[in-house]
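What follows is a single structure, written as structure tokens, with notes after it.
Number of protein chains: 2
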Amino acid sequence: MNNATVQDIAKQSRVAARQLASSSTAQRNLALTKMADALEAVKQHVLDINAQEVAIAQQAGQSAAMVKRLTIDEKVFQTMLSRLRKVAQLPDPLNRVLEGHTNPAGLQVFKKSVPLGVIGIIYESRPNVTTDAAAVCIKSGNAVILRGGSEALQTNTLLTKAMIKGVIAADLPQHAIQIIPVAGHETVSELLKMDEYIDVLIPRGGKDLIKRIAEGTRIPVIKHYDGVCHLYIAEDADSAQAVKLAVNSKCQSIQVCNALETLLVDKNCAEQMLPLLHTAFKEKAIELRGCEQTQKLLPDIAPATEEDWYSEYLAPILSVKIVNGIDEAIQHINHYGSGHTDGIVTQSLKMAQQFEQRVDSASVLINASTRLSGGGDYGLGSVVGISTDKLHARGPVGANELTSYKWIAYGNGHLRD
Amino acid sequence: MNNATVQDIAKQSRVAARQLASSSTAQRNLALTKMADALEAVKQHVLDINAQEVAIAQQAGQSAAMVKRLTIDEKVFQTMLSRLRKVAQLPDPLNRVLEGHTNPAGLQVFKKSVPLGVIGIIYESRPNVTTDAAAVCIKSGNAVILRGGSEALQTNTLLTKAMIKGVIAADLPQHAIQIIPVAGHETVSELLKMDEYIDVLIPRGGKDLIKRIAEGTRIPVIKHYDGVCHLYIAEDADSAQAVKLAVNSKCQSIQVCNALETLLVDKNCAEQMLPLLHTAFKEKAIELRGCEQTQKLLPDIAPATEEDWYSEYLAPILSVKIVNGIDEAIQHINHYGSGHTDGIVTQSLKMAQQFEQRVDSASVLINASTRLSGGGDYGLGSVVGISTDKLHARGPVGANELTSYKWIAYGNGHLRD
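Order-wise, the sequence lines are chains A and B. Take the first sequence: its letter number 209 is residue 221 in our numbering, and every next letter is one higher. Take the second sequence: its letter number 386 is residue 398 in our numbering, and every next letter is one higher.
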């Protein structure tokens with residue numbers, strides 16, 4: 013595959029995007045259900061091809077975590093299907109009238125949501141991104157160019173082929189969904205140059221991948237950087253609830269961006285809380301690293317260094333700090349955090365409100381696990397990621413977040429004086 | 013001024029931004045009226061200092077257009093004041109609940125508008141940008157760093173000092189508004205490196221300035237590229253209305269981004285329309301450049317080249333093309349246009365709807381002058397520009413467009429299964 017071919021794909025997507033922009037709600041929803049049907053029809057083929065790629069990855073000595081992410085088993089496959097069908101049920105993100113106004117001269121103006129155009133998704137091993145991303149893009153009337161990891165290329169190609177059948181069955185353009193059909197870094201480099209045809213890039217993967225892409229292109233990038241997530245246990249927290257929330261935030265899934273990385277415990281409840289937390293995390297085999305004061309109360313834990321406060325472990329490690337009140341907690345979060353997801357455990361409405369107003373993060377949770385920040389629990393359905401940007405989309409990126417808008421004005425010969 | 017000082021300013025803005033984020037509506041509105049009062053109190057000083065800078069610009073042989081943009085006369089000054097006071101009257105862009113949802117487990121989630129943080133405005137000669145931009149930023153709870161053109165440095169510095177008095181009078185942090193106090197390109201280069209402290213840059217000026225900034229920084233940039241604006245006269249257009257709209261779109265102000273640059277005339281009304289348009293534009297001393305078919309009907313006009321169709325003249329020149337129906341008109345606009353502002357003149361609702369749905373532009377106008385696209389007529393009050401981006405803000409950038417949002421979830425011990 014030469015450079016011309018990535019350009020060809022990008023150009024075809026551009027043409028498809030124009031057609032998608034004027035497609036009907038019914039057509040796009042039909043496409044989504046047809047995509048699920050077409051996938052279902054090739055289920056065994058997908059599982060077989062995927063098993064081959066999993067075997068290759070294992071032989072190549074890939075980590076267990078990576079192999080797990082690559083694997084499509086029956087359960088993963090059913091989730092892929094059900095997400096496509098659920099996205100079809102969501103309200104149409106397009107043609108929403110977002111605001112409006114009639115000027116004193118009678119010019120009627122309104123703002124209407126429209127697709128962004130062509131979206132490039134660059135991702136690593138998980139093949140479910142292939143179907144989730146395509147679902148959200150089609151729902152929002154965008155053409156999508158998929159560029160997954162080389163280890164999943166055969167699986168992703170097969171998934172894409174099936175989804176294209178669904179798109180065609182709904183009379184939408186076949187190039188609405190395309191995949192870069194070869195591996196190799198040069199195809200990514202070529203994609204990054206396609207600013208004439210691609211409206212936005214969404215990289216999913218490690219910080220290095222995202223940084224490389226954001227710095228190597230003129231195309232706008234929706235970035236998904238790390239989640240250095242905090243939970244602050246206020247002095248008045250219900251202690252049983254606090255322990256449950258801390259454990260769920262940290263342990264429900266370790267290697268995800270909204271998992272807890274630093275626990276802040278108010279000094280006025282530290283003596284009571286820390287032994288309870290210590291026991292609970294010991295049961296879960298989580299290593300605690302504490303500030304000096306924490307170490308005084310829990311002498312057997314390791315010290316936390318300055319670097320720990322900045323760390324997204326994605327591992328069974330948790331840093332713990334005793335803070336002197338809500339102000340110090342908020343300062344710590346705004347200084348060391350990544351603005352992803354942060355929570356408070358408190359019974360005080362005043363503290364809850366202070367916390368949500370002053371913590372500068374995409375998601376601020378009160379008496380809820382940090383693991384609940386995301387498209388599912390926020391009612392967005394499938395998402396293509398959780399943005400750490402402040403411009404355009406912040407937090408979960410669902411179908412609404414893949415729209416732009418246009419201003420439309422209806423006049424009757426209105427002139428400017 | 014050394015590099016450290018631009019960094020100092022950026023850091024101070026960051027601190028101010030945190031305080032602004034939790035300021036009240038009343039405080040910010042009070043600041044805006046106090047800013048206007050403080051400016052009014054130094055009016056004569058502003059006019060004197062500005063007159064000195066105007067004289068220097070004239071001696072330096074600057075163009076009449078540039079000198080005009082630089083000049084603050086009584087009328088310009090009053091507009092600056094009235095805009096500040098009008099912005100104070102607008103609804104608060106902050107803390108709007110944008111959407112919400114309660115999940116099946118009872119977790120209450122909502123999305124609330126918050127400031128972007130620190131906004132850098134890099135602009136050329138017009139000193140009214142100093143007050144307009146500061147107004148919109150303070151309204152939306154953002155700290156602003158102003159970096160105007162060297163030819164207006166004394167004027168801008170004086171305006172900024174007065175506005176800071178207003179900010180302080182409302183008990184907001186003095187660093188909410190800052191100006192880079194020296195001229196020279198190196199201060200811009202330093203600003204571009206401040207991605208740790210600045211959340212968004214908004215360059216106002218020529219295409220080269222915007223491009224240089226967008227490509228030289230990791231800070232997100234809201235871009236204001238050119239307006240290659242079109243008006244399509246459909247076959248059924250009211251001819252008198254069409255002439256008035258074309259003339260107003262082109263002539264009401266020539267050197268602005270939403271002025272008309274290309275007129276598309278349907279072939280079925282060209283014979284009737286073109287002589288009328290020719291006469292009207294002759295009266296306004298506008299040079300017409302036509303496609304081959306146009307030249308057949310108007311033999312005395314110059315030919316339009318391929319380059320003309322891409323041109324933002326910002327001059328008394330208008331390119332004219334005869335098109336074969338609405339499809340060709342839309343194709344021409346989407347191909348040659350810049351997605352800024354495009355209009356149609358028609359009496360057919362069907363054509364109006366087709367046009368607004370398929371033209372991929374920030375503003376689409378039906379039977380209205382292209383000059384009406386903008387914050388004023390759209391009800392946004394003051395704006396910091398008209399974005400040609402699709403991500404985040406598209407079209408006029410007012411106070412709402414300078415906000416981000418956060419997700420807030422209130423639970424009662426909610427865990428993830």
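Glycine is no exception: its CB is placed at the ideal position from the N, C-alpha and C atoms.
Kindly indicate which three-state DSSP category residue i falls into: helix, strand or coil?
i: residue 241(A); result: strand
i: residue 258(B); result: helix
i: residue 287(B); result: helix
i: residue 403(A); result: coil
i: residue 426(B); result: strand
i: residue 213(A); result: strand
i: residue 226(A); result: helix
i: residue 272(B); result: strand
i: residue 25(A); result: helix
i: residue 342(A); result: helix
i: residue 264(A); result: coil
i: residue 34(B); result: coil
i: residue 148(A); result: helix
i: residue 54(B); result: coil
i: residue 140(A); result: helix
i: residue 73(B); result: coil
i: residue 360(B); result: coil
i: residue 388(B); result: helix
i: residue 106(A); result: coil
i: residue 449(B); result: In the structure displayed, chain B extends from 13 to 429; residue 449(B) sits before or after that span and is not available.
i: residue 17(B); result: helix
i: residue 194(B); result: coil
i: residue 249(A); result: coil
i: residue 83(B); result: coil
Output the boundary residues of the beta strand (DSSP E) element that contains residue i.
i: residue 357(B); result: 353-357
i: residue 190(A); result: 189-191
List the whole-angstrom C-beta distance separating residue i from residue j, where the pair is believed to meet the contact cut-off of C-beta under 8 Å.
i: residue 273(A); j: residue 330(A); result: 7 Å
i: residue 105(B); j: residue 152(B); result: 5 Å
i: residue 127(B); j: residue 415(B); result: 6 Å
i: residue 187(A); j: residue 269(A); result: With a Cβ gap of about 32 Å, residue 187(A) and residue 269(A) do not count as contacting.
i: residue 240(B); j: residue 349(B); result: 5 Å
i: residue 393(A); j: residue 99(A); result: 5 Å
i: residue 168(B); j: residue 131(B); result: About 16 Å separates the two Cβ atoms, so there is no contact after all.
i: residue 179(A); j: residue 29(A); result: Going by Cβ atoms, the distance from residue 179(A) to residue 29(A) rounds to 13 Å, so no, they are not a contact pair.
i: residue 399(A); j: residue 236(A); result: 6 Å
Kindly list the residues whose CB is nearer than 7 Å to the CB of residue i, restricted to its own chain and excluding five residues on each side of it in sequence; keep chain order.
i: residue 366(B); result: 338
i: residue 342(A); result: 367, 370 and 371
i: residue 164(B); result: 65, 82, 137 and 139
i: residue 280(A); result: 247
Can you check DSSP and say which residues form a bridge with residue i?
i: residue 301(A); result: 314(A) and 331(A)
i: residue 278(A); result: 335(A)
i: residue 112(B); result: 122(B)
i: residue 159(A); result: 134(A)
i: residue 415(A); result: 127(A)
i: residue 380(A); result: 426(B)
i: residue 408(A); result: 398(A)
i: residue 67(B); result: Paired residue(s): none; residue 67(B) is not in a bridge.
i: residue 375(B); result: 419(A) and 353(B)
i: residue 233(A); result: 213(A)
Chain E partners of residue i, CB-CB under 8 Å?
i: residue 121(A); result: As a matter of chain content, chain E is missing from the structure shown, whose protein chains are A and B.
What residue range is occupied by the uninterrupted alpha helix (DSSP H) comprising residue i?
i: residue 323(B); result: Looking at the DSSP string, residue 323(B) is not in any alpha helix (DSSP H), and its letter there is neither H nor E.
i: residue 203(A); result: 197-204
i: residue 296(A); result: Looking at the DSSP string, residue 296(A) is not in any alpha helix (DSSP H), and its letter there is neither H nor E.
i: residue 166(A); result: 165-181
i: residue 99(B); result: 86-101
i: residue 186(B); result: Careful: residue 186(B) lies outside any alpha helix (DSSP H) and carries neither H nor E.
Under 6 Å Cβ to Cβ from residue i, same chain only, skipping five residues before and after it: list those, please.
i: residue 27(A); result: none
i: residue 286(A); result: 309 and 310
i: residue 305(A); result: 334
i: residue 211(B); result: 128, 129 and 130
i: residue 175(A); result: 47, 146 and 189
Using a Cβ-Cβ cutoff of less than 8 Å, which residues in the same chain neighbour residue i once the five nearest sequence positions on both sides are dropped?
i: residue 264(A); result: 271, 381 and 383
i: residue 14(B); result: With a pLDDT of only 49 at residue 14(B), under 50, the local geometry of the prediction cannot be trusted, and no value is derived from it.
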